[in-house]
Amino acid sequence: MFHNGHFGGNIRYTYDPLVLWKPTPSQTRWLRDPDTHLRHQVMINSMGLRGPEVSREKPTHSLRIALVGDSFVEGVGIGEDQHMRTLLEKAVASRLPERHIEVINAGVSGYNPAQEWARLRDDIFPLNPDYIVIFHCYNDLDDLHFSQMIHSSQG
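Note that the sequence shown covers residues 26 to 180 in the working numbering.
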């Protein structure tokens, strides 16, 4: 187990042989912004996804949206109430009041596109999302190149 070097360093990660690290499941942390000294809560559910618990079986009449990406999607530096997952869930629910809306946060700080693909395949596709939104940042291709160099030196 190790800690995220970003923003307070308190989110725990566990080694994974395929993607190198995954958020350690079932943790709640209070992080402090080093600039403003404000504290906010970060929840990692039993599946290692940031946010509230998600049932493996999609509820009837629900709309499930998955967000995939790196630290931007994970929400480094913000609390649950400010996270795009929460805001999107509320916005969609206000427009579709007859549906149960679930927005799943599958963002992991530092992930590159190859790691995100593995997360989608292994953790998100089995949850049967109706929509998947993939976020890429300018540095993701550099991260992908670095990851390929590490894997090729190990094999």
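We treat Cβ as the ideally placed atom computed from N, Cα and C, and that holds for glycine.
What you are looking at is a predicted structure, and each value in this text was computed from that prediction instead of being measured.
Please look up how many angstroms separate the CB atoms of residue i and residue j, rounded, as I've assumed it's under 8 Å.
{"i": "V128", "j": "I90", "result": "5 Å"}
{"i": "A182", "j": "V93", "result": "This structure cannot speak to residue 182, because the chain is shown only from 26 to 180."}
{"i": "Y136", "j": "D95", "result": "5 Å"}
{"i": "V44", "j": "R146", "result": "Their Cβ separation, rounded to whole angstroms, is 11 Å, which puts V44 and R146 out of contact at 8 Å."}
{"i": "I36", "j": "R64", "result": "Not a contact, Cβ separation roughly 14 Å."}
{"i": "R182", "j": "P151", "result": "The chain is shown only over 26 to 180; residue 182 falls outside these bounds and no answer can be derived."}
{"i": "P42", "j": "M72", "result": "Rounded, the Cβ-Cβ distance is 18 Å, inconsistent with contact."}
Please state whether DSSP places residue i in a helix, a strand or coil.
{"i": "M68", "result": "strand"}
{"i": "A131", "result": "coil"}
{"i": "D41", "result": "strand"}
{"i": "L56", "result": "strand"}
{"i": "R2", "result": "The chain is shown from 26 up to 180; residue 2 falls before or after that span and cannot be answered."}
{"i": "R124", "result": "coil"}
Quick check on this structure: which residue in the options has the alpha carbon closest to the alpha carbon of residue i?
{"i": "S134", "options": "A118, L152, D147 and L74", "result": "L74"}
{"i": "T85", "options": "H161, N153, F160 and S119", "result": "N153"}
Opposite residue i in the DSSP bridges: which residues?
{"i": "Y156", "result": "I90"}
{"i": "W46", "result": "Y40"}
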